[in-house]
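Protein chains: 2
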Amino acid sequence: MDRWPDLPADHPFGPTNLPYGAFLTRDAARARIGVRIGDEVLDLPGLLQADGLADSSIWAGALLEPTLNRFLELGHTAWAGARAWLLETFADPERNDAVRRHLHPLDEVELVLPFRPADYVDFYASEQHATNVGRIFRPDQAPLTPNWKHLPIGYHGRSSTIVVSGTDVVRPSGQRRPKDAEIPTFGPSQRLDIEAELGFLVGGPTAVGQPVGIDEAEEHLFGVMLFNDWSARDLQAWEYVPLGPFLGKSFASSVSAWVVPLAALCEARVDLPEQDPQPLEYLRGDGSGLFGLDIRMEVRLNGTVVARPPYREMYWSPAQMLAHLTVNGAALSAGDVFASGTVSGNAREERGSFLELSWSGQEPMVLDDGSERSFLQDGDTVTITGWAPGPDGTRIGLGEVTGTITPANHPG
Amino acid sequence: MDRWPDLPADHPFGPTNLPYGAFLTRDAARARIGVRIGDEVLDLPGLLQADGLADSSIWAGALLEPTLNRFLELGHTAWAGARAWLLETFADPERNDAVRRHLHPLDEVELVLPFRPADYVDFYASEQHATNVGRIFRPDQAPLTPNWKHLPIGYHGRSSTIVVSGTDVVRPSGQRRPKDAEIPTFGPSQRLDIEAELGFLVGGPTAVGQPVGIDEAEEHLFGVMLFNDWSARDLQAWEYVPLGPFLGKSFASSVSAWVVPLAALCEARVDLPEQDPQPLEYLRGDGSGLFGLDIRMEVRLNGTVVARPPYREMYWSPAQMLAHLTVNGAALSAGDVFASGTVSGNAREERGSFLELSWSGQEPMVLDDGSERSFLQDGDTVTITGWAPGPDGTRIGLGEVTGTITPANHPG
Chain A
1 MDRWPDLPAD
11 HPFGPTNLPY
21 GAFLTRDAAR
31 ARIGVRIGDE
41 VLDLPGLLQA
51 DGLADSSIWA
61 GALLEPTLNR
71 FLELGHTAWA
81 GARAWLLETF
91 ADPERNDAVR
101 RHLHPLDEVE
111 LVLPFRPADY
121 VDFYASEQHA
131 TNVGRIFRPD
141 QAPLTPNWKH
151 LPIGYHGRSS
161 TIVVSGTDVV
171 RPSGQRRPKD
181 AEIPTFGPSQ
191 RLDIEAELGF
201 LVGGPTAVGQ
211 PVGIDEAEEH
221 LFGVMLFNDW
231 SARDLQAWEY
241 VPLGPFLGKS
251 FASSVSAWVV
261 PLAALCEARV
271 DLPEQDPQPL
281 EYLRGDGSGL
291 FGLDIRMEVR
301 LNGTVVARPP
311 YREMYWSPAQ
321 MLAHLTVNGA
331 ALSAGDVFAS
341 GTVSGNAREE
351 RGSFLELSWS
361 GQEPMVLDDG
371 SERSFLQDGD
381 TVTITGWAPG
391 PDGTRIGLGE
401 VTGTITPANH
411 PG
Chain B
1 MDRWPDLPAD
11 HPFGPTNLPY
21 GAFLTRDAAR
31 ARIGVRIGDE
41 VLDLPGLLQA
51 DGLADSSIWA
61 GALLEPTLNR
71 FLELGHTAWA
81 GARAWLLETF
91 ADPERNDAVR
101 RHLHPLDEVE
111 LVLPFRPADY
121 VDFYASEQHA
131 TNVGRIFRPD
141 QAPLTPNWKH
151 LPIGYHGRSS
161 TIVVSGTDVV
171 RPSGQRRPKD
181 AEIPTFGPSQ
191 RLDIEAELGF
201 LVGGPTAVGQ
211 PVGIDEAEEH
221 LFGVMLFNDW
231 SARDLQAWEY
241 VPLGPFLGKS
251 FASSVSAWVV
261 PLAALCEARV
271 DLPEQDPQPL
281 EYLRGDGSGL
291 FGLDIRMEVR
301 LNGTVVARPP
311 YREMYWSPAQ
321 MLAHLTVNGA
331 ALSAGDVFAS
341 GTVSGNAREE
351 RGSFLELSWS
361 GQEPMVLDDG
371 SERSFLQDGD
381 TVTITGWAPG
391 PDGTRIGLGE
401 VTGTITPANH
411 PG
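Protein chains in written order, with the UniProt record's numbering: chain A, 1 to 412; chain B, 1 to 412.
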């Protein structure tokens with residue numbers, strides 16, 4: 001693989017990453033699909049049209065759309081075709097000038113959500129996170145529910161409030177029951193939290209009643225994103241029995257602007273932690289779906305690194321989550337998103353939520369400026385970054401997902 | 001209101017109902033929005049274009065689309081404009097011939113889903129249902145959770161598996177834990193159930209961070225549908241702790257083909273049951289949102305009436321559900337759907353699920369052919385019908401939602 005001219009070999013957005021995004025330029029009314037290289041974005045429709053590919057190739061035609069959804073519909077062979085063309089284009093020195101004509105510096109464009117979310121499911125795939133939450137929320141019971149090691153627990157979330165990195169998050173209001181109170185009160189959440197997760201963007205639609213086997217699941221996994229599942233713990237604790245989280249989560253979920261193709265993460269594949277008891281056959285298959293991903297994440301609160309969650313320790317694989325999601329015959333749509341659930345490792349500094357990092361407020365975090373936090377204050381900014389190992393010691397960057405809390409609209 | 005020629009005055013689809021649907025004719029590649037009158041469907045684009053309205057009115061232009069979503073985006077003043085024109089058109093004898101030119105007999109068209117579902121939320125708004133389920137699933141605890149009378153409990157469901165009445169439902173497979181077993185087994189659901197509900201179709205999109213007050217909620221309620229929230233009780237019982245129902249519900253939810261405008265249900269408005277304790281202010285407002293709906297439902301299993309659930313006994317009002325759904329700042333999209341949760345009254349024959357009717361299998365139902373059922377067998381057909389009082393002793397029909405169970409794709 002030739003290195004893209006003038007880009008340091010260790011740049012996280014080198015010519016083996018090539019994540020997809022969507023951008024607006026100052027004078028454009030409609031978003032365009034782009035591919036990130038270094039600190040620039042390649043105007044994909046521009047290059048495809050200049051090359052004449054947009055008329056002759058179905059995948060190229062789909063990439064002229066303002067979102068990835070048409071491209072996601074085409075499925076994995078189209079994705080592979082597009083990626084092969086991109087890798088070749090960036091590796092060919094004779095094409096450098098042609099590419100350069102369609103590059104925009106990132107600071108001159110506005111990045112927007114590159115897909116229309118269809119259904120959104122959030123999983124709960126970290127054993128350490130589920131154990132911590134169980135200890136905090138249900139101290140009188142076993143931390144893991146009896147089903148936890150038999151299936152990847154998940155639930156549907158609100159897809160219309162998935163927002164792109166950089167979008168402010170308005171502090172949600174709602175009901176919560178103060179400790180030892182009989183009845184609830186209403187007001188802005190006082191325990192506003194994050195969940196550092198990985199999100200998976202799904203394509204290759206399927207029909208209702210047709211489960212996707214675990215060995216085929218990978219064909220529907222287009223790419224990965226960093227994901228922040230903002231959570232109002234006080235709302236959640238009061239509302240979630242018996243039907244699960246609702247308003248404690250549905251106000252906003254933030255995703256990184258760049259979708260890194262799963263195909264760019266070959267070197268990041270690792271074995272899963274041991275699964276004991278052995279899961280049922282539909283969650284095992286021939287074993288090819290049982291891969292983890294070595295993605296290192298970093299959570300910053302107002303600039304201070306407060307956690308480094310290790311994705312490689314997640315108990316359930318992305319293919320297991322997708323196979324489970326469809327085993328009852330639920331259809332997949334282009335633009336479906338599922339997230340992993342909070343990524344937490346064994347060490348305290350590897351926990352992916354403030355609930356766990358501050359142990360429900362008992363052990364506040366200390367920031368570099370000396371201030372303390374258990375949960376988020378208005379004006380606080382949370383930024384999650386991530387990267388994975390790439391070929392030849394390079395890094396595959398996942399960019400960042402960032403958001404700032406603005407005051408509630410409904411003062412309590 | 002003149003009566004539409006040749007239609008019996010007591011026809012449930014008379015000229016004061018006028019529900020919206022979408023239909024395909026034999027030679028059409030694209031669905032068209034229609035309005036039901038009697039046992040015919042008015043080709044709305046046909047009449048609007050013949051009238052020249054399609055070019056001059058924004059709402060009429062939106063009704064040329066193959067789904068209601070553009071029309072739903074326009075909001076309640078557009079809906080009122082369209083309904084006023086429709087009521088006038090059907091009331092004017094001089095327009096009878098013009099209308100007749102655009103009618104199709106229902107048995108010559110195929111009805112399809114008239115909207116692209118955006119987010120879907122299912123509530124749990126019947127006190128009797130929640131009490132029955134609590135007694136069955138959690139016999140060692142109080143039947144209602146402490147939050148139940150303080151907020152309308154809800155959760156997000158899968159919108160891509162919302163299907164139109166008449167669509168077959170493939171029996172879902174999945175994990176369930178047999179009674180007294182330590183570990184789960186995999187196979188087709190053995191406790192496949194229904195939930196007779198009312199669905200609400202939402203329009204008038206809102207921005208993230210902007211709650212809809214209860215007094216404004218009605219402006220976002222376009223219309224109502226009959227809704228069957230098929231439920232695999234064995235999958236649900238094993239998976240739902242702690243994050244709520246997932247695969248036990250996400251394989252299919254069926255809706256009636258006709259969306260009855262809320263504006264057609266003025267005579268059906270009734271007082272809510274008493275709410276004690278009084279809910280928080282955001283669920284009360286000036287009181288205008290605290291209306292129930294006198295909709296009578298009938299559930300048939302293979303032709304035998306097994307239940308008559310009374311919607312008027314629902315504890316939470318549709319406006320309360322919508323206000324609650326957005327109080328944390330969650331945005332509304334055109335095409336959002338929320339359902340009421342199972343409608344159950346006090347009497348045994350008023351229960352809207354087989355779980356309750358058979359008391360979890362202990363008291364099977366006896367059908368007219370002498371056979372017994374607790375849960376659904378392959379080949380069984382469930383049909384839910386409904387109607388509400390209309391003006392002058394007439395009836396507003398909601399039509400039906402029907403579905404037949406086909407065998408599982410994954411035999412266990």
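By construction, the Cβ of each residue, glycine as well, lies at the ideal position given by its N, Cα and C atoms. The model shown is predicted, which means the values in this text are computed figures rather than measured ones.
Check: Contact set between B:W316 and chain A, taken where Cβ atoms lie within less than 9 Å; Outcome: Ordered by position in chain A, no residue passes the 9 Å Cβ test against B:W316, which lies about 14 Å from the chain.
Check: Cβ neighbour criterion (16 or more within 10 Å) applied to A:I194; Outcome: buried
Check: Of the residues B:H102, B:W148, B:G370, the one placed nearest B:R36, counting alpha carbons only; Outcome: B:H102
Check: Nearest-angstrom Cα separation, counted from B:G379 out to A:R395; Outcome: 55 Å
Check: Beta-ladder partner(s) of A:A22, from DSSP; Outcome: A:I33, A:V112
Check: Proximal residues of chain A, C-beta to C-beta of B:T145 below 7 Å; Outcome: V241, P242
Check: Cβ of A:R158 within 8 Å of any chain B Cβ; Outcome: yes
Check: Reduced DSSP secondary structure (H/G/I, E/B, other) of A:P318; Outcome: helix
Check: Closer than 8 Å at the beta carbon, the chain A residues around B:Q210; Outcome: N409
Check: Whether A:E298 touches A:P273 by CB criterion (8 Å); Outcome: no
Check: Beta strand (DSSP E) runs wholly inside the segment 314 to 387 of chain A, at least 3 long, in chain order; Outcome: 337 to 339
Check: CA-to-CA distance, B:A78 to B:L63, given in whole angstroms; Outcome: 11 Å
Check: A:Q175: contacting residues in chain E (beta-carbon distance under 7 Å); Outcome: Structure shown: chain E not included; protein chains present are A and B.
Check: C-beta neighbour in chain B for A:L42, strict 8 Å; Outcome: no
Check: Option in A:A252, A:S253, A:S360, A:N228 with minimal Cα separation from A:P309; Outcome: A:N228
Check: Which of helix, strand or coil DSSP assigns to A:H129; Outcome: helix
Check: Chain A contact residues for B:W238, given Cβ-Cβ distances below 7 Å; Outcome: N147
Check: Where B:Y20 falls, given that 16 or more other Cβ within 10 Å makes a residue buried; Outcome: buried
Check: Beta-carbon spacing of A:L398, A:L226 below 8 Å; Outcome: yes
Check: Closer than 8 Å to chain A by CB, B:V202; Outcome: no
Check: Under 8 Å between C-beta atoms of A:F200 and A:V224; Outcome: yes
Check: Reduced DSSP secondary structure (H/G/I, E/B, other) of A:F246; Outcome: coil
Check: Interface residues of chain A facing B:V327 [CB-CB closer than 9 Å]; Outcome: P172, S173, G174, Q175, F186, L247, H410
Check: Separation of B:E216 from B:L280, as counted between CA atoms; Outcome: 17 Å
Check: Chain-ordered chain B contacts of A:V306 [CB-CB under 7 Å]; Outcome: The premise fails here: A:V306 is roughly 25 Å from chain B at the closest Cβ pair, so nothing lies under 7 Å.
Check: Beta-carbon neighbours of B:P277, restricted to chain A and to distances below 9 Å; Outcome: I183
Check: Three-way DSSP call (helix, strand, coil) for B:R308 in this model; Outcome: coil
Check: Same chain, Cβ closer than 8 Å to A:G402, neighbours up to 5 away in sequence not counted; Outcome: Looking at the sequence itself, residue 402 of chain A is Thr, so the reference to Gly does not match. S165, G166, S254, T381, V382, T383, I384, listed in sequence order.
Check: Alpha-carbon spacing of B:P12 relative to B:E400, whole angstroms; Outcome: 12 Å
Check: Members of the segment 377 to 394 of chain A that neighbour chain B once the beta carbon cut-off is set at 7 Å; Outcome: none
Check: Proximity test, Cβ basis, 8 Å: B:M1 and chain A; Outcome: Its pLDDT being 42, under 50, B:M1 is placed unreliably by the model, and the measurement read from it follows with that caveat. Judged by the 8 Å Cβ criterion, B:M1 is not in contact with chain A.
Check: Per-residue DSSP class, three states only, for A:I396; Outcome: strand
Check: Proximity below 8 Å, CB of A:P172 to CB of A:L235; Outcome: yes
Check: Residue burial classification, A:D119 (beta-carbon count within 10 angstroms, cutoff 16); Outcome: buried
Check: Reference A:T89; option with closest CA among A:L265, A:H220, A:W4; Outcome: A:W4
Check: N-terminal and C-terminal residue of the beta strand (DSSP E) that A:L301 is part of; Outcome: 296 to 301
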